[in-house]
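Residue numbers (the numbering used here): 263 to 305.
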Amino acid sequence: MALFDRADRPVPPSDLPTVLPLLLLVLLLVLLLVLLHVAANGV
């Protein structure tokens with residue numbers, strides 16, 4: 263829920279260095295989950 267609160271107000275430029283790695287980490291986690299899902303289904 264806190265993530266949505268942060269998204270509503272503009273992000274200061276100083277926050278970008280901390281937000282970017284987090285977004286990349288989430289992206290990697292999603293990719294990993296997709297790969298595991300595909301591997302589990304034996305596609």
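Ideal Cβ placement from N, Cα and C applies to all residues, glycine included.
Note on geometry: alpha-carbon atoms of residue 285 and residue 300 lie some 23 Å from one another.
Note on geometry: alpha-carbon atoms of residue 280 and residue 289 lie some 15 Å from one another.
Here the alpha carbons of residue 298 and residue 292 stand approximately 10 Å from one another. Between the alpha carbons of residue 294 and residue 287 lies a distance of about 10 Å.
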